[in-house]
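For reference, the structure is listed below as structure tokens.
Residue numbers (the numbering used here): 425 to 1372.
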């Protein structure tokens, strides 16, 4: 996956300038046109005034807003709208003025004035009144800085008056508040670089800042100097951690003047202690312990005299042993359980005070029948409806923190059009003929796999595909289809190529394709999950029929199995499309997502949220979901997107659950090192591969060393002229294991290394070579392409190909085509006809790998014992394999990869050698025999030989 936040949200920036001396707490009420609104705070300030940054789920074209106070005083009467939004919009508002400005109305026309120097007055307020040692480091943007003392005092606090020189070419003034002492001028600092954006017409600037507040204020009355409890979070059944903006005295005993309430009931406090033991006498960060367990379904308020109170939110309690003991539900009946006699429902919502089942006769009914659910064990709620409920739709409503939230069932196995409601279906009635007795293609070891990554729509959508069910699951079932020149397309092509597994990009229900407008061209890879357990409706012939999407996906899997192909599903449990819109967040706010130490959503995924797989019920959701797809759709493997977000225990539980279903099911994932809020020792990534047995990880070191960096387009790799990276290429050749000190990667066994040079992410191999080697001819780049792919297919480990790689797929240089048009993403079958010789060559290398276990050794010990690198010149990699020891029909095997621009003569071990791959042809039968013990390897080519 390429992490793209724009895929998930529409971003609005609203600037509002209150009237002079207006200190009311203005905020925003914002909504997508036609939908409900919700409140948003202004979260910052700039030279104009208040700034609100709002993220709305989806591609919003029109949004309404009101500037108002909490008691609904409006800045101007009526609603206002931002229209024609294209992913993002920024507006400016003046007090009492109903106009919407698309640029700052106070910016002077013409070029901005510039000054040789700027006189600055910086006001600084400290709640603790401790100013000793604090000073300002200031500079003109792009110039050197200097230290300036706090040299004055007024009723606001201390201030620094100073002149910044060399400002002629600078648009703003940078500064840092820093603490200097005898040990260092930079003993401490408040925040990182901040900037003064507003320079007055006379070359002066004046700002106000306050301790522990990052915004830069241009009016003193914007600054909130009042004491407040900033946040309070429940960390365990009796423990609340909290933070104040102003330090408070602390003695280490008693309640320290704090009160905890739920309604009118006061909760006894056992102690309040500083979190930092070095805080003596005063602190801002403390831990409150109660004398009784707190009820998660109740709302609590933390109060201290003269401080603004705070509502207690649920924090680390979600990951605590006490929470798991009380609320972990191990049952297998979450969701809707259908029979003709009755349908039973169970939802996990431990923080809900009440829960209701809402049943709709039609998917788009405005209202439904509400049935009160019964509180059951371990935080679950249940309901049961007598009679045959097939064809109806349902949601859950939960009362959390005094607010009703309505959400689709996270365990729904099918959903309504666009996925906002679960669907009640007769699962058995969705089975295609022969489903119950269908056999999978035989398969044993992960290293026997040759994976072919495919987007459902890409396969069939081209006009020249010859496939009728274009862009649909059923397109995967069609045989006998022909393309340009009578060439095989679709399923027949994949089968003929000889790969073992088809890996489908996301086929669960995702958010960004409107299933009600399928006549309008829409495209997305699908890395924006909405409903994890239901198939995507846009791939169905009738997305309004919740049974059709299930039935047709089963038909696709069945057809692939019948044609000797196993099926891997690309799963994206690491994040959701939008937290606010997520059914998970609505049912149990705060539980399913990971937060950093500042209480903000963790963003290792790059899309503004990471799921908390280390929480037991998130882990259960993932494991249960994988089991559902493996058992109910007979899937043969799972590719975990951004697996490094997940924790090791979750991935090992996935592997264990799959072993109980079918040990031959493959598990692979992206084990990147990602900045999620989880201890590094717990992350399911490459450095922790030893803790993740039988889970493969994509080998980006092999990828980048073979073809050049996926992100630096002009960088070359081994096949394109950079021979300094040979050891990294060799690391992939031996399956990513530690072969010797200078050939060592992450894998402990070859089934942990997924070797590839092309995938849906980044540029195709053909496009990458065009960027890195623009002066080379097409014929030369074809040789490089074949060389890179041959290295992949003859390496130990699990080889992985991208659909169309076999006929030099191009996306026109688009390296992130997640929402690009069909013209960019479709498989162009004219290229197969044009480059049939390349397709035939790859078929031969694939057949070679499948026929000879020497290329598929299953242990690191066997690889180290049986595979030996030859002493060759730079630019030429050669090695031999002891075929007999590897239980191969060939006694000896020799492999050469010549990345040099000239043919290379090599010396072979003694034997009667025959060539089966020579850069032009490939297969299992001899192309020619070698006379003597020397052979010439063509330039930019691979050669494979064997001796009996």
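Quick reminder that beta carbons are idealized off the backbone N, C-alpha and C, glycines included. Given the structure is predicted, the values throughout are model-derived calculations rather than measurements.
Rounded distance between the beta-carbons of residue 921 and residue 515, thought under 8 Å
The sequence position of residue 515 within the chain shown is 91, counting from 1. The sequence position of residue 921 within the chain shown is 497, counting from 1. The distance from the Cβ of residue 515 to that of residue 921 is about 53 Å, inconsistent with a contact at the 8 Å cut-off.
What alpha helix (DSSP H) runs, 4 residues minimum, are completely inside the segment 1113-1199?
Complete alpha helix (DSSP H) runs here, min 4: 1124-1131, 1150-1157, 1189-1196.
Residue range of the unbroken alpha helix (DSSP H) whose run includes residue 1049:
For the purposes of this step, residue 1049 is taken as the residue at position 625 of the chain shown. Residue 1049 -> alpha helix (DSSP H) spans 1040-1056.
Bridge partners for residue 772 per DSSP, in chain order?
Working through the chain shown from its first residue, we reach residue 772 at position 348. Residue 772 is bridged to 804.
DSSP three-state assignment for residue 551, whether helix, strand or coil
Taking the first residue of the chain shown as 1, we reach residue 551 at position 127. DSSP places residue 551 outside both helix and strand once states are collapsed to three, so it counts as coil.
How many Å lie between residue 659 and residue 873 at the Cα?
Translated into the one-based positions of the chain shown, residue 659 becomes position 235. Translated into the one-based positions of the chain shown, residue 873 becomes position 449. One C-alpha to the other measures close to 46 Å.
Is the beta carbon of residue 964 closer than 8 Å to that of residue 976?
Sequence index remark: in the chain shown, residue 976 carries index 552 (1-based). Sequence index remark: in the chain shown, residue 964 carries index 540 (1-based). Between residue 976 and residue 964, the C-beta spacing is below 8 Å.
Residue 1370 vs residue 1341 beta-carbon contact at 8 Å
The sequence position of residue 1370 within the chain shown is 946, counting from 1. The sequence position of residue 1341 within the chain shown is 917, counting from 1. Not in contact: residue 1370 and residue 1341 (Cβ atoms no closer than 8 Å).
Across the segment 756-769 and the segment 800-817, are there enough close Cβ pairs to call them in contact, namely three or more that are closer than 8 Å?
The answer is yes - the segment 800-817 touches the segment 756-769, with three or more Cβ pairs under 8 Å.
Who are the near neighbours of residue 1335 in its chain, counting only those whose CB is closer than 7 Å to its CB and skipping five residues on each side?
For the purposes of this step, residue 1335 is identified with residue 911 of the chain shown, where counting begins at 1. Within the same chain, 1316, 1371 come within 7 Å of residue 1335 by CB-CB distance, once the 5 residues on both sides are set aside.
Rank 773, 790, 823 by C-alpha distance to the C-alpha of residue 800 and give the top, closest one.
Residue mapping note: residue 800 aligns to position 376 of the chain shown, counting from 1. Scanning 773, 790, 823 for the CA closest to the CA of residue 800 turns up 773.
On the premise that residue 1084 lies in contact with residue 985, defined as a C-beta separation below 8 Å, what is that separation, rounded to the nearest angstrom?
Within the chain shown, numbered from 1, the residue matching residue 985 stands at position 561. Within the chain shown, numbered from 1, the residue matching residue 1084 stands at position 660. The beta-carbon distance between residue 985 and residue 1084, rounded to whole angstroms, is 21 Å. This is too long to meet the 8 Å contact definition.
Just reading off the beta strand (DSSP E) that residue 660 is part of, what are its end residues?
In the chain shown, the residue the question calls residue 660 occupies position 236. Here the beta strand (DSSP E) through residue 660 covers 653-660.
Using CA atoms only, rank isn't needed, just tell me which of 596, 604, 629, 650 is closest to residue 552.
As a position in the chain shown, residue 552 is number 128, starting the count at 1. Measuring C-alpha to C-alpha distances from residue 552 to each of 596, 604, 629, 650 identifies 650 as the nearest.
Return the residue from the list 783, 797, 798 that minimises the CA-CA distance to residue 791.
Taking the chain shown and counting its residues from 1, one reaches residue 791 at position 367. Distances from the CA of residue 791 to each of 783, 797, 798 were compared; the closest alpha carbon is that of 783.
Around the Cβ of residue 936, are there at least 16 other Cβ atoms within 10 angstroms (buried) or fewer (exposed)?
Here residue 936 refers to the residue found at position 512 of the chain shown. Looking at its Cβ environment, which holds 16 or more other Cβ atoms inside 10 Å, residue 936 is buried.
Rounded to whole angstroms, how far is the Cβ of residue 1059 from the Cβ of residue 1003, which I believe are closer than 8 Å?
Taking the chain shown and counting its residues from 1, one reaches residue 1059 at position 635. Taking the chain shown and counting its residues from 1, one reaches residue 1003 at position 579. That belief does not hold up - the Cβ atoms of residue 1059 and residue 1003 are roughly 28 Å apart, past 8 Å.
Rounded separation between residue 847 and residue 836 - CA only
Residue numbering aside, residue 847 sits at position 423 when the chain shown is read from its first letter. Residue numbering aside, residue 836 sits at position 412 when the chain shown is read from its first letter. Each residue's Cα considered, the two are about 7 Å apart.
By how many angstroms is the C-alpha of residue 669 removed from the C-alpha of residue 1019?
The residue given as residue 1019 occupies position 595 in the chain shown. The residue given as residue 669 occupies position 245 in the chain shown. Cα to Cα, the separation comes out at about 21 Å.
In chain order, what residues of the same chain have a beta carbon less than 6 Å from the beta carbon of residue 548, not counting five sequence neighbours either side?
Counted from its first residue, the chain shown places residue 548 at position 124. Excluding five sequence positions before and after residue 548, the CB atoms of its chain that fall closer than 6 Å to its own CB belong to 581, 582, 633, given in chain order.
Compare the Cα-Cα distances from residue 743 to each of 568, 1144, 1041 and report the closest residue.
Looking up residue 743 in the chain shown gives position 319. For residue 743, the nearest C-alpha among the options comes from 1041.
For residue 933, three-class secondary structure by DSSP
Residue numbering aside, residue 933 sits at position 509 when the chain shown is read from its first letter. Correct three-state label for residue 933: strand.
If you pair each beta-carbon of the segment 711-725 with each one of the segment 683-696, do three or more pairs fall below 8 Å?
Using a Cβ-Cβ distance cut-off of 8 Å, the segment 711-725 and the segment 683-696 are in contact, since at least three pairs of beta carbons, one from each stretch, lie closer than that value.
Where residue 479 and residue 1079 are concerned, what is the direct C-alpha to C-alpha distance, given to the nearest angstrom?
For the purposes of this step, residue 479 is taken as the residue at position 55 of the chain shown. For the purposes of this step, residue 1079 is taken as the residue at position 655 of the chain shown. Here the C-alpha atom of residue 479 lies approximately 36 Å from the C-alpha atom of residue 1079.
Beta bridge counterpart(s) of residue 906 as assigned by DSSP:
What you label residue 906 is simply residue 482 of the chain shown in a count that begins at 1. DSSP output for residue 906 lists 912 as bridge partner(s).
Go ahead and label residue 833 buried or exposed: buried means 16 or more other beta carbons lie within 10 angstroms of its beta carbon, across all protein chains shown.
In the chain shown, the residue the question calls residue 833 occupies position 409. Residue 833 counts as buried, since no fewer than 16 other beta carbons sit within 10 angstroms of its beta carbon.
On the three-pair Cβ rule with 8 Å, is the segment 1211-1225 touching the segment 1256-1275?
These segments touch.
Shortest alpha-carbon distance to residue 1292 belongs to which of 1131, 603, 1333, 951?
Locating residue 1292 in the chain shown gives position 868, where the first residue counts as 1. Nearest C-alpha to residue 1292: 1333.
Ends of the alpha helix (DSSP H) at residue 512?
Here residue 512 refers to the residue found at position 88 when the chain shown is read from its first residue. Careful: residue 512 lies outside any alpha helix (DSSP H), inside the beta strand (DSSP E) at 512-517.
Contact check, residue 1126 vs residue 1156, beta carbons under 8 Å
Within the chain shown, numbered from 1, the residue matching residue 1126 stands at position 702. Within the chain shown, numbered from 1, the residue matching residue 1156 stands at position 732. Yes; because the gap between Cβ atoms is below 8 Å, this pair is in contact.
Exposed or buried, which one is residue 998 when buried takes at least 16 other CB atoms within 10 Å?
Numbered from 1 along the chain shown, position 574 holds the residue referred to as residue 998. Note on residue 998: 16 or more other CB atoms within 10 angstroms of its CB, so buried under the neighbour-count rule.
First and last residue of the alpha helix (DSSP H) that includes residue 1286?
Counting from 1 along the chain shown, the entry for residue 1286 is found at position 862. Residues 1284-1290.
Other residues of its chain near residue 825: CB distance less than 7 Å, five sequence neighbours each side excluded
Taking the chain shown and counting its residues from 1, one reaches residue 825 at position 401. Cβ neighbours of residue 825 beyond the five flanking positions: 723.
Backbone secondary structure at residue 1308 - three-state DSSP
Locating residue 1308 in the chain shown gives position 884, where the first residue counts as 1. Residue 1308: coil per DSSP, three-state reduction.
Ends of the alpha helix (DSSP H) at residue 884?
In the chain shown, residue 884 corresponds to position 460, counting from 1. 880-884 is the span of the alpha helix (DSSP H), which, as asked, contains residue 884.
Sub-8 Å separation of residue 823 and residue 1251 beta-carbons:
Along the chain shown, read from residue 1 onward, the residue named residue 823 stands at position 399. Along the chain shown, read from residue 1 onward, the residue named residue 1251 stands at position 827. If you check the CB distance, residue 823 and residue 1251 do not come in under 8 Å.
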